[in-house]
Structure formats: structure tokens, C-alpha cells
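S.K.:
Protein chains: 2
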Amino acid sequence: MRQIKHPSIEQVELTDLMYALSDPTRLEIVGRLAAAGRKMTCGEFDLNRPKSSLSHHFKILRAAGVVETIIEGTEHMNALRLAEIEQKFPGVLQSVLSALRQSP
Amino acid sequence: MRQIKHPSIEQVELTDLMYALSDPTRLEIVGRLAAAGRKMTCGEFDLNRPKSSLSHHFKILRAAGVVETIIEGTEHMNALRLAEIEQKFPGVLQSVLSALRQSP
Chain A
33 MRQIKHPSIE QVELTDLMYA LSDPTRLEIV GRLAAAGRKM TCGEFDLNRP KSSLSHHFKI
93 LRAAGVVETI IEGTEHMNAL RLAEIEQKFP GVLQSVLSAL RQSP
Chain B
33 MRQIKHPSIE QVELTDLMYA LSDPTRLEIV GRLAAAGRKM TCGEFDLNRP KSSLSHHFKI
93 LRAAGVVETI IEGTEHMNAL RLAEIEQKFP GVLQSVLSAL RQSP
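Pasting the structure below:
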């Protein structure tokens with residue numbers, strides 16, 4: 033089965049992570065995945081943005097090691113790589129998620 | 033005396049902070065200011081990059097509320113706004129600084 037390539041967590045740089053989190057749409061995707069605590073299809077995000085724009089954002093999130101996209105049948109399922117990111121950069125993603133929950 | 037404008041901490045968005053920290057030169061500036069624990073002139077960073085490029089990076093750091101540049105006589109003194117950032121986004125900059133210290 034075709035699968036999408038992801039970087040290993042060792043390949044991920046802090047600057048990649050920061051860049052991935054520097055866009056409001058990507059922060060929203062990350063915040064929703066964290067709140068859901070489960071894999072989500074791209075359609076479930078209901079972000080009211082063009083599909084091409086969402087594909088671009090997911091690509092950046094994958095390249096930064098933040099999101100893993102797994103093809104399950106006809107669906108693209110997205111999961112947050114929270115534990116791995118947390119182990120590599122302790123507290124960074126967790127504190128960003130807290131700041132996100134506090135923001136109006 | 034001429035002074036440089038800075039955003040109030042209320043104006044700073046989480047995405048601005050993430051973007052400011054998404055570049056290796058800017059991360060290095062922030063890391064050095066944190067390690068020094070004092071104001072530094074632009075020249076002290078000795079980053080071996082063109083002055084115009086450094087001006088650009090300092091501009092982005094100022095716009096994100098990360099760095100404050102104060103004109104003292106003929107010098108531009110740069111300080112980290114660590115306490116303010118920490119109060120607005122608890123743990124974010126501190127965990128990034130820790131990750132930076134751990135990186136090879």
C-alpha cells in the first residue's frame with residue numbers, strides 16, 4: 033500500500049518545528065488534533081479553506097515531524113507526533129498547546 | 033532622543049513568536065542574549081553575517097516582542113524580553129532555550 037514519507041524524529045530541527053507552528057491554520061490543526069487525542073481525517077477539520085491550501089499546511093506539518101499522515105483505505109488519517117516531539121524538545125509543543133488553549 | 037518602536041506584549045501573537053524563532057540566526061541571537069543575561073550591542077554577536085541581514089533578523093525579533101533595542105549614545109543595545117514573553121506564553125521561550133542548549 034502507498035504510504036506517505038515522514039522524517040524520523042532525529043531529522044527534525046527546532047527551526048522546522050517553530051516554522052510549522054508559525055501559521056494560524058497550522059496551529060489550529062495542531063490544537064484540534066491535541067484536543068481530539070485521536071487520528072482525524074483531513075475533512076474532519078472543517079477549516080473552510082481550499083483543499084490545496086490545507087494540503088500545503090499538512091505537508092509542512094509532516095516535514096516538521098509534527099503530524100503523521102497514514103493512508104487507511106481511501107482515507108488520510110492524521111495523528112499528532114506529540115510524544116516523539118516532547119521527547120526531543122521537552123516542553124516546547126506542550127507549552128505552545130497551553131498558550132493556544134489560553135488564547136481568545 | 034530617537035528610539036526604536038516596539039510592540040506592547042499584548043500585541044504579540046503566538047504565531048509571531050514562532051516565526052521569530054524559526055530561523056537559525058535568530059535562534060542564535062536569542063540563545064546568546066539568554067546566556068549573557070545582559071544587554072548586548074549588535075557587534076558583540078560576531079555572527080559573521082552581513083550587517084543588512086542582521087538588521088533584518090533584529091527587526092523580526094523586535095516585531096515578535098522577543099528583543100528590545102535601546103539606543104544608548106551611539107550604540108544599539110539589545111535585550112531579551114524574557115520575563116514578558118514568559119508571562120504571556122508560559123514555558124514557550126524557556127523550553128525553546130533549553131532545547132537550544134541541548135542541541136549539538
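Which chain is which? The protein sequence lines are A and B, in order. First residue of the first sequence? That's 33 in my numbering, and the numbers climb one at a time after it. First residue of the second sequence? That's 33 in my numbering, and the numbers climb one at a time after it. All C-beta atoms in this analysis are idealised placements derived from N, C-alpha and C, irrespective of residue type, glycine included.
1) As an exercise, report each continuous alpha helix (DSSP H) stretch of at least 4 residues that is fully enclosed by the segment 61-93 of chain A, in chain order.
2) Along chain A, which residues have their Cβ under 7 Å away from the Cβ of B/Ser135?
3) Write down the C-beta distance between B/Ser127 and A/Pro122 rounded to the nearest angstrom, noting that I regard them as a contact closer than 8 Å.
4) Can you find a C-beta in chain A that's less than 7 Å from the C-beta of B/Ser54?
5) Would the beta-carbon of A/Glu118 be found less than 6 Å away from any heavy atom of the ligand MG?
6) Shorter than 7 Å from the beta carbon of B/Gly123 to some beta carbon of chain A?
7) My understanding is that A/Leu125 touches A/Ala96, with C-beta atoms under 8 Å, so please give their C-beta distance in whole angstroms.
8) By DSSP, does A/Thr57 sit in helix, in strand, or in coil?
9) Check whether the Cβ atoms of A/Leu132 and A/Gly69 lie closer than 7 Å to each other.
M.R.: Considering the structure as presented:
1) none
2) Leu46
3) 6 Å
4) yes
5) Ligands in the displayed structure: none, and consequently the ligand MG is not present.
6) yes
7) Not confirmed; about 10 Å, so no contact.
8) helix
9) no
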